[in-house]
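Novice: Count the sequence shown with the working numbering and you get residues 503 to 1156, in order.
Even for Gly, the Cβ is constructed at its ideal location relative to N, Cα and C.
All figures in this text were calculated on a predicted structure; none of them were measured in a lab.
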Amino acid sequence: MFFFVTWLVFFVVFWVMASFFRTRHKVMVSLLSSLVVSMIWQVLEQFYLSSILVVAFIFYFIIGNMSTFRQAHVKLSLSVLLSVSAVTGILSFTYFNQATVPSDAEVLRVMFVYYPVLIIFSACYVYMLLCVFNFKLLQTDHPFRYVMGRIRGVRRMLRLFWMISRKGLDHLIQQDHARLPFAIAEVLDQMGGVFVKFAQVLSTKKDMLPPHYIEAFSNLHDQVQPLQQDELKAIIDSKIGNLNDTYTAFDMKPIAATSIGQVHLAQLKSTGEQVVVKILRPQVKQKMTVDLDLLIQFVSWLSERSDKIKKLGLIQLAEGFKQNLIEETDFDIEALNTNLLRQAFQEHHIPIRIPTIYSDYSSKQMLTMEYIKGSSFTQAVSPEVSEMIMHAFLNQILIIGIFHADPHPGNLMLTSEGEVALIDFGSVGYLSDEERDGMLSFLIGYGNRDTKQMAQGLMKVCEESHFLDERQMEQRLSRLLMEASFSSDPTSVMMKRLMAMVTDMGMSLKPTVAGAFRAIITLDGTLSSVDPTFSLSAASQSYSGQINKGQLIKERISKVKGQLEDYVPKLLELPLLKDNRIMIVREDQHSLQDMVSMMSVSMFIVICMVVMLTSFFVQGELVRFVLAPLSIAGFGVGMIVLITAVIRQLRLKV
503 MFFFVTWLVF
513 FVVFWVMASF
523 FRTRHKVMVS
533 LLSSLVVSMI
543 WQVLEQFYLS
553 SILVVAFIFY
563 FIIGNMSTFR
573 QAHVKLSLSV
583 LLSVSAVTGI
593 LSFTYFNQAT
603 VPSDAEVLRV
613 MFVYYPVLII
623 FSACYVYMLL
633 CVFNFKLLQT
643 DHPFRYVMGR
653 IRGVRRMLRL
663 FWMISRKGLD
673 HLIQQDHARL
683 PFAIAEVLDQ
693 MGGVFVKFAQ
703 VLSTKKDMLP
713 PHYIEAFSNL
723 HDQVQPLQQD
733 ELKAIIDSKI
743 GNLNDTYTAF
753 DMKPIAATSI
763 GQVHLAQLKS
773 TGEQVVVKIL
783 RPQVKQKMTV
793 DLDLLIQFVS
803 WLSERSDKIK
813 KLGLIQLAEG
823 FKQNLIEETD
833 FDIEALNTNL
843 LRQAFQEHHI
853 PIRIPTIYSD
863 YSSKQMLTME
873 YIKGSSFTQA
883 VSPEVSEMIM
893 HAFLNQILII
903 GIFHADPHPG
913 NLMLTSEGEV
923 ALIDFGSVGY
933 LSDEERDGML
943 SFLIGYGNRD
953 TKQMAQGLMK
963 VCEESHFLDE
973 RQMEQRLSRL
983 LMEASFSSDP
993 TSVMMKRLMA
1003 MVTDMGMSLK
1013 PTVAGAFRAI
1023 ITLDGTLSSV
1033 DPTFSLSAAS
1043 QSYSGQINKG
1053 QLIKERISKV
1063 KGQLEDYVPK
1073 LLELPLLKDN
1083 RIMIVREDQH
1093 SLQDMVSMMS
1103 VSMFIVICMV
1113 VMLTSFFVQG
1123 ELVRFVLAPL
1133 SIAGFGVGMI
1143 VLITAVIRQL
1153 RLKV
């Protein structure tokens, strides 16, 4: 009966505090908190410490619900739990177990002064360690989901290894057997979900993969069951509002369904417009992240065992696939991409239609956009239309700096009015000014058959370009130009073989630049399928003739002028001039901050060590209960932090 009364009193106290701090799930939080405190009260009442524990727990509850510390809720709870357990255990088995009974005044000081001070400082030390080591479990907002995801990952990994052994992949790789790509396709198919979607992406990479790999991956289809109507209605009600109040009509049968989400047709009640609604599957991001990490491990395992597979660049493809797929699970990003390109197309007078986003009916899990009536890009189009589309994509890459990264036939449409429309902006690439300049220099050099300018442009878009041999690159590009010139479409051959040349030379293109080249190659295949007369070379030459080079030069000069206007005032503030000579000053800000941080930690360790050594010679109640334990704990934590910082610095230098 006493336990029930205690639990009820604490439940009311925590519920009032949770209401004051506007805590989510306040009933459940208050219920669990009051249950924990009541149990602690019952167990530790014999040690005269129950009241102090209750105060410590309430203190933690208040701090944990402050907005500043809300993201570190798990770290705070673990810090308080570990410090309370350690301090309580040590005092219980040492001070309260001594032969001589302490006086009442001393017990009161220990209970109400030394004990809470030790808990607070110990919690600070533990919290510092948790922040230094940065455990993934403590970074997530939902630790339980993280643990369940790890368990699912282990189960999926065991299934993958079983599939690898069952299909005899290791044996086929060693023999370089012709059946190898089909065995890989079978593994991807049986793993399902993300693995099948990756195989579908690989089947479109005709410029990178051999024909037998393309054949093996082309037969895979992502078979998914659409969401149930009650699940669908629950998602819409929670993210947008009541289904019947929002839409006049909503077709429960999806027009498209994938492992990520599904697409429905609907009619808005407010305007009567027909719209397309994309809905994300529940918890798809958590499940997908586990499979994406496992996919990269699988591709890395294949590449480590076969040089031929390694040269295909599957690891880079898998990493880019992971990034694009994660972005596709956040419809806020897709809405932003769509709006940015729509505005850019209007500013540059590009005659391609992009759907309007209805932000009032959209969220991270739902996206409502304009319905464009038309057919996918499978009908024959005129040479003028195909040339206009290629020019539009070159404008995206070279002028705008934002481009649609996946222009396959399903994302291009011919409307009933005869217009060209572009949809699905979940996969979009962003190019920096340097990357755009590099690509432009390369393409202008290619048009002039100037291998030196091509090499300079290529070096701007490669990772760690200072290690590259420009002379060797010019020779390889000259040979590539000669080989491509014997083809009916030299530019298409040049683009496809360029990726292989970059890999053979031990280089790697910057991810966004590689995505831009792949987008051009994908679009080349799309346009060639609907226009037999389409030539990437002819389209590139006509685009080069339309480029206003004078305008480009003005834009570059304007950009450099703007940078100088930003940098010159800052340079004049620095002590660069001495005796009318320019002194070059170089300062590594990050190294300076790291050095100051390490010096601060070192000073903290020295102070703790001095206090610790002093406590061995000075006897007293305060030293015994507070200074000695705090200095020992502080010295240990400081040494761990310092050693960790030194190891990180050594790793960076290596």
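1. Considering just the uninterrupted stretch of the beta strand (DSSP E) at Thr748, what are its terminal residues?
2. Would you mind sorting His723 into buried or exposed? The rule is 16 or more other CB atoms within 10 Å of its CB.
3. When DSSP builds the beta bridges, which residues end up paired with Leu869?
4. Measuring CA to CA, which of Leu662, Val586, Asp739, Thr1146 is closest to Met868?
5. Bridge partners of Cys964, per DSSP?
6. Please list the terminal residues of the continuous alpha helix (DSSP H) segment that includes Gln848.
7. In the DSSP output, what is Tyr932 paired with across the bridge?
8. Beta-carbon within less than 8 Å of Arg951's beta-carbon, same chain only, minus the 5 sequence neighbours each way: which residues are those?
9. Less than 8 Å between the beta carbons of Ala1002 and Met975, yes or no?
10. Quick one: what's got a C-beta closer than 7 Å to Asp1131's C-beta in the same chain, skipping five residues either side?
11. Does DSSP classify Met710 as helix, strand or coil?
12. I'd like to check one pair, Leu916 with Phe879: are the Cβ atoms closer than 8 Å?
13. Just mark Val628 as buried or exposed, buried being the case when its beta carbon has 16 or more other beta carbons within 10 Å.
14. Tell me whether the beta-carbon of Gln769 lies closer than 8 Å to the beta-carbon of Ala751.
15. Under 8 Å, do Gln898 and Ile904 count as touching if we go by C-beta distance?
16. Considering Ala923, what are the terminal residues of the beta strand (DSSP E) in which it resides?
17. Given a cut-off of 8 Å on the beta-carbon distance, is the pair Leu960 and Ala1018 in contact?
18. Which runs of the alpha helix (DSSP H) fall wholly inside the segment 793 to 826 and span at least 4 residues, in chain order?
19. Among Val507, Ile622, Ser594, Leu632, whose alpha-carbon lies nearest the alpha-carbon of Val1143?
20. What do you reckon, are the CB atoms on Ser540 and Phe516 nearer than 8 Å?
21. For Glu1162, which option in Ile854, Ile901, Ala701, Ile798 has the closest C-alpha, if you only look at C-alpha atoms?
22. Of all the options Leu924, Ile622, Arg783, Lys755, which has the alpha carbon lying nearest to the alpha carbon of Ala1135?
23. Identify, in the order they occur along the chain, each residue of the same chain with its Cβ nearer than 7 Å to the Cβ of Leu822, setting aside the five sequence neighbours on each side.
24. Return the CA-CA distance between Ser877 and Asp1006, expressed in angstroms with no decimal places.
25. Please report the distance separating the alpha-carbon of Ser929 from that of His850.
26. On the criterion of 16 or more Cβ atoms from any shown chain inside 10 Å, does Trp664 qualify as buried, or is it exposed?
27. Per DSSP, which one or two residues make a beta bridge with Arg855?
28. If you reduce the DSSP assignment to three classes, tell me which class Ala759 lands in.
29. Comparing C-alpha positions only, which one of Ala1040, Ser624, Arg938 sits nearest to Leu900?
30. Thinking Gly949 and Gln1043 are a contact (beta carbons under 8 Å), I'd like their distance in whole angstroms, please.
31. DSSP three-state call for Phe752: helix, strand or coil?
32. Since Ala768 sits in a beta bridge, which residues does DSSP pair it with?
33. Taking the C-alpha atoms as reference points, what is the distance between Lys962 and Gln785?
34. Compare the C-alpha of Leu741 against each of Gln1048, Phe847, Ser865 and name the closest.
35. Whole-angstrom Cβ separation of Lys824 and Leu794, contact assumed at under 8 Å?
36. Per DSSP, Leu916 forms a beta bridge with which residues?
Specialist: So, to answer that:
1. First-last for Thr748: 745 to 748, but that is the alpha helix (DSSP H), not the beta strand (DSSP E).
2. His723 is exposed by the Cβ-count criterion.
3. Lys780.
4. Nearest of Leu662, Val586, Asp739, Thr1146 to Met868, Cα basis: Asp739.
5. DSSP, once it has assigned bridges, lists Leu1011 as partnering Cys964.
6. Segment 833 to 849, the alpha helix (DSSP H) holding Gln848.
7. Paired residues: Ile904.
8. Once the five neighbours on either side are set aside, the close Cβ partners of Arg951 are Leu983.
9. Inclusion of Ala1002 and Met975 in the CB contact set at 8 Å is not warranted, their separation being larger than that value.
10. Note on residue identity: the sequence assigns Pro, not Asp, to residue 1131. Same-chain partners within the cutoff: Leu620.
11. In the three-state scheme derived from DSSP, where H, G and I count as helix and E and B as strand, Met710 is classed as coil.
12. Yes. Within cutoff.
13. Sixteen is the threshold: when 16 or more other Cβ atoms of the shown chains lie within 10 Å of the Cβ of Val628, as they do, the residue is buried.
14. In contact: Gln769 and Ala751 (Cβ atoms closer than 8 Å).
15. In this structure, the beta-carbon distance from Gln898 to Ile904 falls below 8 Å.
16. Run containing Ala923: 922 to 924, per the beta strand (DSSP E) assignment.
17. Not in contact: Leu960 and Ala1018 (Cβ atoms no closer than 8 Å).
18. Here the runs fully enclosed are 809 to 813.
19. It is Leu632.
20. No. Outside cutoff.
21. Outside the displayed span of the chain (503 to 1156) sits residue 1162, for which this structure offers no information.
22. Restricting attention to Leu924, Ile622, Arg783, Lys755, the CA atom closest to the CA of Ala1135 is found in Ile622.
23. The sequence as given places Gly at residue 822; Leu does not occur at that position. Once the five neighbours on either side are set aside, the close Cβ partners of Gly822 are Pro1013, Gly1017.
24. Straight-line spacing of the CA atoms in Ser877 and Asp1006 works out to 41 Å.
25. Approximately 21 Å, taken between the alpha carbons.
26. Per the 10 Å Cβ criterion, exposed.
27. Beta-bridge partners assigned by DSSP to Arg855: Ala923.
28. Per DSSP, reduced to three states, the secondary structure at Ala759 is strand.
29. It is Arg938 whose Cα lies nearest to the Cα of Leu900.
30. The pair is a contact, with the Cβ atoms about 7 Å apart (cut-off 8 Å).
31. The DSSP-derived three-state label of Phe752 is strand.
32. Paired residues: Phe752, Val777.
33. If you take the alpha carbons of Lys962 and Gln785, they lie about 40 Å apart.
34. Reading off the sequence, residue 741 comes out as Lys, not Leu. Among Gln1048, Phe847, Ser865, the Cα nearest to that of Lys741 is on Ser865.
35. Confirmed, about 4 Å.
36. In DSSP, Leu916 forms a bridge with Ser877, Val922.
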